[in-house]
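Visitor: Have a look at this one before I ask anything.
Protein chains: 2
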Amino acid sequence: VPPRFYVPDLDPRSERIPLPDEEAEHLSRVMRLGAGAEVEIFDGRGGLWRAEVVQAGKRAVFVKPIAKAKPAAEATVAITLVACVLKSDKMDDVIRDAVMLGVAAIQPVVSARTEVSLSNLARGRRADRWQRIAVSSAKQCGRAVVPPVREAITLDQYWQAESGEPRLFCAEPKASLEGEGFSRRLLHDIPSPPSAHLIVGPEGGWTLTEVASAVDARAILITLGARTLRADAVPIVALTALLTVWGELR
Amino acid sequence: VPPRFYVPDLDPRSERIPLPDEEAEHLSRVMRLGAGAEVEIFDGRGGLWRAEVVQAGKRAVFVKPIAKAKPAAEATVAITLVACVLKSDKMDDVIRDAVMLGVAAIQPVVSARTEVSLSNLARGRRADRWQRIAVSSAKQCGRAVVPPVREAITLDQYWQAESGEPRLFCAEPKASLEGEGFSRRLLHDIPSPPSAHLIVGPEGGWTLTEVASAVDARAILITLGARTLRADAVPIVALTALLTVWGELR
Numbered sequence: 002v003p004p005r006f007y008v009p010d011l012d013p014r015s016e017r018i019p020l021p022d023e024e025a026e027h028l029s030r031v032m033r034l035g036a037g038a039e040v041e042i043f044d045g046r047g048g049l050w051r052a053e054v055v056q057a058g059k060r061a062v063f064v065k066p067i068a069k070a071k072p073a074a075e076a077t078v079a080i081t082l083v084a085c086v087l088k089s090d091k092m093d094d095v096i097r098d099a100v101m102l103g104v105a106a107i108q109p110v111v112s113a114r115t116e117v118s119l120s121n122l123a124r125g126r127r128a129d130r131w132q133r134i135a136v137s138s139a140k141q142c143g144r145a146v147v148p149p150v151r152e153a154i155t156l157d158q159y160w161q162a163e164s165g166e167p168r169l170f171c172a173e174p175k176a177s178l179e180g181e182g183f184s185r186r187l188l189h190d191i192p193s194p195p196s197a198h199l200i201v202g203p204e205g206g207w208t209l210t211e212v213a214s215a216v217d218a219r220a221i222l223i224t225l226g227a228r229t230l231r232a233d234a235v236p237i238v239a240l241t242a243l244l245t246v247w248g249e250l251r
Numbered sequence: 002v003p004p005r006f007y008v009p010d011l012d013p014r015s016e017r018i019p020l021p022d023e024e025a026e027h028l029s030r031v032m033r034l035g036a037g038a039e040v041e042i043f044d045g046r047g048g049l050w051r052a053e054v055v056q057a058g059k060r061a062v063f064v065k066p067i068a069k070a071k072p073a074a075e076a077t078v079a080i081t082l083v084a085c086v087l088k089s090d091k092m093d094d095v096i097r098d099a100v101m102l103g104v105a106a107i108q109p110v111v112s113a114r115t116e117v118s119l120s121n122l123a124r125g126r127r128a129d130r131w132q133r134i135a136v137s138s139a140k141q142c143g144r145a146v147v148p149p150v151r152e153a154i155t156l157d158q159y160w161q162a163e164s165g166e167p168r169l170f171c172a173e174p175k176a177s178l179e180g181e182g183f184s185r186r187l188l189h190d191i192p193s194p195p196s197a198h199l200i201v202g203p204e205g206g207w208t209l210t211e212v213a214s215a216v217d218a219r220a221i222l223i224t225l226g227a228r229t230l231r232a233d234a235v236p237i238v239a240l241t242a243l244l245t246v247w248g249e250l251r
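Chains A and B supply the protein sequences, listed in that same order.
Each number in our numbering comes from the position in the first sequence (counting from 1) with 1 added on.
Each number in our numbering comes from the position in the second sequence (counting from 1) with 1 added on.
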């Protein structure tokens with residue numbers, strides 16, 4: 002497989018497409034490729050091309066598209082992962098794995114028990130970092146789509162945004178919700194929609210008020226079973242289970 | 002939920018059960034519990050009891066069982082995860098997640114592209130470390146069963162051991178196996194057996210010889226879909242997908 006480079010605003014009719022700075026540096030300094038090398042370029046919106054390096058200088062790299070190529074298939078259900086922000090590198094892993102499993106978008110949220118605030122996230126420029134991780138994961142897994150990682154919002158703000166899509170709310174862990182009268186559905190019983198939101202909680206779990214707010218917002222409460230999963234494993238387990246039920250892992 | 006302690010050789014008829022050294026230290030020094038504290042003890046074979054601390058000294062801790070308790074449900078399909086050893090902490094995560102998802106046993110294997118040797122594993126006492134991780138994960142996820150982590154063997158040794166169970170071999174990544182004439186089945190098409198082995202590869206993937214050896218051993222080649230997953234995500238994704246298909250995530 003030739004090395005892949007991300008060129009978000011590429012015009013495939015051009016004979017001389019400049020790579021963005023970071024990608025140019027990766028091609029010339031890290032991979033030490035020069036003119037004539039065969040690569041792949043993708044636009045992050047589903048377009049993938051075989052291409053040839055036509056110029057690789059210290060500052061600028063230009064490539065020429067040769068032919069359209071076939072990227073890894075996209076899921077037919079467009080899933081938005083709505084994930085409470087986990088501690089630093091755990092959230093990086095969530096972004097990376099979610100892209101690899103084929104999500105259409107990622108919406109980070111901050112809930113009552115999330116251990117980081119919106120202002121901390123903004124100060125740390127975490128949104129930029131996550132978007133870079135999404136690009137890198139798309140490269141590795143063979144997708145030509147780079148799912149947008151949206152600006153983090155509070156759970157309340159998330160509920161207030163209108164959505165015609167089914168919202169599946171992972172009401173875990175089971176133990177702390179039992180006897181509270183919340184009824185939860187099994188993933189198997191949820192038919193495949195054209196698009197859906199999957200909502201997963203933080204390390205400390207949801208508060209009962211938050212679970213009630215999900216019910217108020219007409220979200221569908223779901224469960225992943227009897228064992229208590231770690232918060233950082235829940236997104237990948239929940240996504241995999243949904244993709245399996247909806248016949249997407251093929 | 003009261004804190005849980007692992008007592009592998011516990012006799013529930015005893016009024017005065019000693020905790021193993023490590024567990025005793027955890028109870029008295031880390032959690033600073035004393036006589037009268039309520040805890041749970043489990044034997045790693047499915048037995049779980051509510052218990053009371055009757056003595057908590059510097060060197061020894063004794064507890065008295067009060068009543069049998071109900072642990073998290075075990076999966077009805079006994080899955081043995083046969084996993085190529087990944088780099089240090091990645092393999093720790095695989096063990097932890099596999100226990101959390103409910104496997105019955107873990108068999109580490111070394112394949113052609115595995116980056117660590119059997120003798121290195123033995124020297125580093127990795128088997129002991131993995132078994133401790135299995136205990137700790139069982140505590141966290143609510144299982145009263147501690148799955149055995151077996152001594153690492155080579156892939157060839159693994160094939161030579163007789164097994165009446167279906168052996169599902171994750172033949173990833175798709176790209177490098179296409180056009181090689183191997184046919185792979187979708188997870189959806191595999192009916193639920195009483196027990197099964199799930200075999201996953203190392204960071205560098207399988208060699209073609211190894212895939213052929215799987216076919217010779219009558220393993221069932223399976224695929225997780227079109228996108229290339231990271232090696233350290235494959236065990237959790239494959240396990241989740243199987244558990245979903247077999248109706249175990251409930």
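Think of the CB as a built atom: it goes at the ideal place given N, C-alpha and C, for glycine as much as any other residue.
Quick test of your reading: GLY37 of chain B and VAL54 of chain B, contact by CB under 8 Å. State the CB separation rounded to the nearest angstrom.
Guide: Here residue 37 of chain B refers to the residue found at position 36 of the second sequence. Here residue 54 of chain B refers to the residue found at position 53 of the second sequence. Rounded, the Cβ-Cβ distance is 6 Å, consistent with contact.
Visitor: Count the other C-beta atoms from every protein chain shown that fall within 10 angstroms of the C-beta of LYS140 of chain A, then say buried if there are 16 or more, exposed otherwise.
Guide: As a first step, residue 140 of chain A must be located in the first sequence, where it is residue number 139. Its Cβ being crowded by 16 or more others within 10 Å, LYS140 of chain A is buried.
Visitor: Pick out whichever of B:GLU41, B:ARG30 and B:LEU28 has its Cα sitting closest to the Cα of PRO261 of chain B.
Guide: With chain B covering 2 to 251 only, the question about residue 261 of chain B has no answer from this structure.
Visitor: With a threshold of 7 Å on Cβ separation, who are the neighbours of ILE154 of chain B within its own chain once the five nearest residues in sequence on each side are excluded?
Guide: Residue 154 of chain B sits at position 153 when you count from the first residue of the second sequence. Closer than 7 Å at the Cβ level, and outside the excluded window around ILE154 of chain B, lie VAL110.
Visitor: Helix, strand or coil for ALA197 of chain A, going by three-state DSSP, please let me know.
Guide: Numbered from its first residue, the first sequence carries residue 197 of chain A at position 196. In the structure shown, ALA197 of chain A sits in a strand (DSSP, three-state: E or B).
Visitor: Give me the DSSP bridge partner(s) of THR256 of chain A.
Guide: The structure shown does not extend to residue 256 of chain A, since chain A is modelled only from 2 through 251, so no value can be given for it.
Visitor: Identify every residue that forms a DSSP beta bridge with CYS142 of chain A.
Guide: Residue numbering aside, residue 142 of chain A sits at position 141 when the first sequence is read from its first letter. DSSP, once it has assigned bridges, lists no residue as partnering CYS142 of chain A.
Visitor: Select from A:GLY248, A:GLU249 and A:VAL238 the residue whose C-alpha is nearest the C-alpha of ALA1 of chain A.
Guide: For chain A, the structure presents residues 2 to 251; residue 1 of chain A sits outside this window and is missing.
Visitor: Could you tell me the distance, in whole angstroms, from the CA atom of LEU212 of chain B to the CA atom of ARG5 of chain B?
Guide: What you label residue 212 of chain B is simply residue 211 of the second sequence in a count that begins at 1. What you label residue 5 of chain B is simply residue 4 of the second sequence in a count that begins at 1. It should be pointed out that residue 212 of chain B corresponds to Val in this sequence rather than to Leu. Approximately 42 Å, taken between the alpha carbons.
Visitor: LEU222 of chain A lies in the beta strand (DSSP E); which residues open and close that run?
Guide: Position 221 of the first sequence holds residue 222 of chain A. Element bounds for LEU222 of chain A: 221 to 224.
Visitor: Taking Cβ-Cβ distances below 7 Å as the criterion, which residues of the segment 115 to 149 of chain A are in contact with chain B?
Guide: The residues in question are GLN141, CYS142, GLY143 and ARG144.
Visitor: I want to see whether chain B comes within less than 7 Å of ARG228 of chain A, judged by CB atoms only; does it?
Guide: On the first sequence, residue 228 of chain A is found 227 positions in, with the first residue counted as 1. With 7 Å as the cut-off, ARG228 of chain A counts as an interface residue toward chain B.
Visitor: If you follow the alpha helix (DSSP H) that TRP160 of chain B is part of, which residue opens it and which one closes it?
Guide: Numbered from 1 along the second sequence, position 159 holds the residue referred to as residue 160 of chain B. Looking at the DSSP string, the run of the alpha helix (DSSP H) that includes TRP160 of chain B is 156 to 161.
Visitor: Judging by CA-CA distance, which residue of A:GLY226, A:ASP93, A:GLU116 and A:PRO167 is the nearest neighbour of VAL136 of chain A?
Guide: Walking along the first sequence from the start, residue 136 of chain A turns up at place 135. Checking every option, the nearest Cα to that of VAL136 of chain A belongs to A:ASP93.
Visitor: Checking contacts by CB at 7 Å: is VAL104 of chain B closer than that to chain A?
Guide: One-based indexing of the second sequence puts residue 104 of chain B at position 103. So no, VAL104 of chain B is outside the interface.
Visitor: Closer than 7 Å, CB to CB, is LEU225 of chain B near chain A or not?
Guide: Locating residue 225 of chain B in the second sequence gives position 224, where the first residue counts as 1. LEU225 of chain B counts as touching chain A.
Visitor: As a quick exercise: from A:GLU75, A:VAL2 and A:LEU82, pick the residue whose alpha carbon is nearest that of GLY248 of chain A.
Guide: Here the question's residue 248 of chain A lines up with position 247 in the first sequence. Ranking the options by Cα distance to GLY248 of chain A, first place goes to A:GLU75.
Visitor: When we look at the beta-carbon of THR210 of chain B and count the other beta-carbons within 10 Å, is it buried (16 or more) or exposed?
Guide: By 1-based counting over the second sequence, the position of residue 210 of chain B is 209. Answer is exposed; the Cβ neighbour count stays below 16.
Visitor: Looking only at C-alpha atoms, which of A:PRO149, A:ILE200, A:SER214 and A:LEU222 sits nearest to VAL186 of chain A?
Guide: The residue given as residue 186 of chain A occupies position 185 in the first sequence. In the sequence as presented, Val is not what sits at residue 186 of chain A; that position holds Arg. That would be A:LEU222, whose Cα lies nearest to the Cα of ARG186 of chain A.
Visitor: Could you pull out every residue in the same chain whose Cβ sits closer than 6 Å to the Cβ of GLY35 of chain A, ignoring the five residues on either side in sequence?
Guide: Here residue 35 of chain A refers to the residue found at position 34 of the first sequence. Here the set comprises ALA57.
Visitor: Between ILE80 of chain B and ALA105 of chain B, is the Cβ-Cβ spacing less than 7 Å?
Guide: Residue mapping note: residue 80 of chain B aligns to position 79 of the second sequence, counting from 1. Residue mapping note: residue 105 of chain B aligns to position 104 of the second sequence, counting from 1. Yes, Cβ-Cβ distance for ILE80 of chain B and ALA105 of chain B is below 7 Å.
Visitor: Evaluate contact between the segment 155 to 162 of chain B and the segment 110 to 122 of chain B, counting only Cβ atoms and requiring at least three cross-stretch pairs below 8 Å.
Guide: With a cut-off of 8 Å, the segment 110 to 122 of chain B and the segment 155 to 162 of chain B count as touching, because enough Cβ pairs lie within range.
Visitor: Going by DSSP, what residues sit across from VAL62 of chain A in a beta bridge?
Guide: What you label residue 62 of chain A is simply residue 61 of the first sequence in a count that begins at 1. VAL62 of chain A is bridged to A:ALA57.
Visitor: Mind listing, in chain order, the continuous beta strand (DSSP E) runs of no fewer than 3 residues lying wholly within the segment 95 to 145 of chain A?
Guide: Counting only runs of 3 or more, we get 106 to 111.
Visitor: Relative to the C-alpha of ALA220 of chain B, which candidate in B:LEU20, B:HIS189, B:LEU199 and B:VAL95 has its C-alpha closest?
Guide: Locating residue 220 of chain B in the second sequence gives position 219, where the first residue counts as 1. Selected option, being the one with the closest Cα: B:LEU199.
Visitor: Can you find the residues in the same chain that come closer than 6 Å, C-beta to C-beta, to ALA73 of chain A, ignoring five residues on each side of it along the sequence?
Guide: Counting from 1 along the first sequence, the entry for residue 73 of chain A is found at position 72. Result list for ALA73 of chain A: GLY143 and ARG144, in chain order.
Visitor: In its own chain, which residues sit with a C-beta less than 6 Å from the C-beta of ALA242 of chain A, not counting the 5 before and 5 after it?
Guide: Numbered from its first residue, the first sequence carries residue 242 of chain A at position 241. Excluding positions up to five away in sequence, the list reads LEU188.
Visitor: Mapping the DSSP letters down to three states, classify ARG151 of chain A as helix, strand or coil.
Guide: Indexing the first sequence from 1 puts residue 151 of chain A at position 150. Looking at ARG151 of chain A - three-state DSSP - the assignment turns out to be coil, as it is neither helix nor strand.
Visitor: Between which two residues does the alpha helix (DSSP H) containing LEU209 of chain B stretch?
Guide: Taking the first residue of the second sequence as 1, we reach residue 209 of chain B at position 208. Run containing LEU209 of chain B: 209 to 217, per the alpha helix (DSSP H) assignment.
Visitor: Would you mind telling me which residues of chain A sit closer than 8 Å to MET92 of chain B, beta carbon to beta carbon, in chain order?
Guide: If you number the second sequence from 1, residue 92 of chain B lands on position 91. Those within 8 Å of MET92 of chain B in chain A number zero; the least Cβ separation is about 16 Å.
Visitor: Going by beta-carbon coordinates alone, are VAL95 of chain A and VAL117 of chain A separated by less than 7 Å?
Guide: One-based indexing of the first sequence puts residue 95 of chain A at position 94. One-based indexing of the first sequence puts residue 117 of chain A at position 116. Their beta carbons are not under 7 Å apart, which means VAL95 of chain A does not touch VAL117 of chain A by this criterion.
Visitor: What is the DSSP secondary structure of PRO19 of chain B, reduced to helix, strand or coil?
Guide: One-based indexing of the second sequence puts residue 19 of chain B at position 18. Reduced to three states, the DSSP call for PRO19 of chain B is strand.
Visitor: Output needed in chain order: residues of the segment 179 to 194 of chain A with a Cβ under 8 Å from some Cβ in chain B.
Guide: Those residues of the segment 179 to 194 of chain A that come within reach of chain B (Cβ to Cβ, closer than 8 Å) are LEU187, LEU188 and HIS189.
Visitor: What's the C-alpha gap between GLY68 of chain A and PHE183 of chain B?
Guide: Within the first sequence, numbered from 1, the residue matching residue 68 of chain A stands at position 67. Within the second sequence, numbered from 1, the residue matching residue 183 of chain B stands at position 182. Here residue 68 of chain A is Ala; the residue named in the question, Gly, does not match the sequence. Going from the Cα of ALA68 of chain A to the Cα of PHE183 of chain B covers about 28 Å.
Visitor: To be precise: take each residue of the segment 47 to 66 of chain A, compare its Cβ to all Cβ atoms of chain B, and keep it if any distance is under 7 Å. Which residues remain?
Guide: Residues: none.
Visitor: Nearest chain B C-beta to VAL238 of chain A closer than 7 Å, yes or no?
Guide: In the first sequence, counting from the first residue as 1, residue 238 of chain A sits at position 237. Closer than 7 Å to some Cβ of chain B, the Cβ of VAL238 of chain A qualifies, so yes.
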